[in-house]
Amino acid sequence: MTPSRQGSFIRKTKDIAIGGTLALALLSGGVALQGCGGSSTETTYEDQTRYGKGVRTYISEISPGEFRITDEVSVPADSSRAIVRYYDGHRDTLTLAASKALIDREVVNNPSYHTQHHSGLGSALLWGGIGYFIGRQSNNQVYQQYYNREQDRSRFYSNPATYARANRVHDEVRSSASTHRVKVTRPSSGRSGFFSRSRSNGFGG
1 MTPSRQGSFI
11 RKTKDIAIGG
21 TLALALLSGG
31 VALQGCGGSS
41 TETTYEDQTR
51 YGKGVRTYIS
61 EISPGEFRIT
71 DEVSVPADSS
81 RAIVRYYDGH
91 RDTLTLAASK
101 ALIDREVVNN
111 PSYHTQHHSG
121 LGSALLWGGI
131 GYFIGRQSNN
141 QVYQQYYNRE
151 QDRSRFYSNP
161 ATYARANRVH
171 DEVRSSASTH
181 RVKVTRPSSG
191 RSGFFSRSRS
201 NGFGG
């Protein structure tokens, strides 16, 4: 009986040793697999421009479907809004996101826009300070091209004095820009969805 117990004991000890070794091997293999599975990353630097000032635009509907900019003032960038007074007297406040959606629908993505006369709300937003700020903030070249057509832009303001005052506001917005060098880390395979940003040195722009 004793040898049997000893043999059993020896077998159990060996089983435990083998099991421990196997577990260690599997664990090591798991770590190795994880290490092999993780793709290497590449780091680049990008310039990111931010604006300290934005625009608040006041727009009035002077006749059904026809809008004019009556005033523009400089505000903190995150307070940029369009305040719209409609012909029937009610008012509405449009955020930058709502303004962009309206501009894109009525102007940018409207094939018939350039074949007809348009003085709608989307046009006033695009040609005014709101369109200017969205274009610069997002580096949207389409918006900036519209803004650069000064002769067309001026007709969306209620009078020359308002237009001149608005241009000074736009200059303030441009002067408030600061550019920061941002570190961007992505998988070297180029797959999107996994990246991190950390700000590096900043410099005025």
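Take the sequence shown: its position 77, counted from the start at 1, is 77 in UniProt numbering, and no numbers get skipped. Even for Gly, the Cβ is constructed at its ideal location relative to N, Cα and C. Given the structure is predicted, the values throughout are model-derived calculations rather than measurements.
- Below 8 Å, enough C-beta pairs join the region 47-55 and the region 162-181 to call them touching: three or more.
- A direct Cα-to-Cα measurement between residue 78 and residue 43 gives close to 30 Å.
- Residue 170 sits in a helix when the DSSP states are folded into three classes.
- With a beta-carbon spacing of about 11 Å, residue 93 and residue 85 fall beyond the 8 Å limit used to define contacts.
- Relative to the Cα of residue 55, the nearest Cα in the group 154, 99, 66 belongs to 99.
- As summarised for the UniProt domain "UPF0323" (55-173), the continuous beta strand (DSSP E) elements at least 3 residues long and confined to that stretch are 66-76, 81-85, 91-94, given in chain order.
- Only exposed fits residue 97, as fewer than 16 other CB atoms lie within 10 angstroms of its CB.
- Straight-line measurement puts the Cα of residue 155 at about 9 Å from the Cα of residue 119.
- The shortest C-alpha to C-alpha distance from residue 61 to any of 151, 157, 177, 139 is the one to 157.
- The criterion of a C-beta distance shorter than 8 Å is not satisfied by residue 59 and residue 162.
- Here residue 72 is near residue 57, since their CB atoms are less than 8 Å apart.
- A check of alpha carbon separations from residue 135 across 87, 103, 41, 187 identifies 103 as the nearest.
- Spatial neighbours of residue 66 in its own chain (CB-CB distance under 7 Å, excluding positions within 5 residues in sequence) are listed in chain order as 119.
- Residue environment: residue 147 is assigned as buried (16 or more neighbouring CB atoms within 10 Å of its CB, all protein chains considered).
- Only exposed fits residue 63, as fewer than 16 other CB atoms lie within 10 angstroms of its CB.
- Counting other Cβ atoms within 10 Å of its Cβ, residue 138 stays below 16 and is therefore classed as exposed.
- Residue environment for residue 87: exposed (fewer than 16 other C-beta atoms within 10 angstroms of its C-beta).
- The alpha carbon of residue 75 has as its nearest neighbour, out of 83, 53, 91, the alpha carbon of 53.
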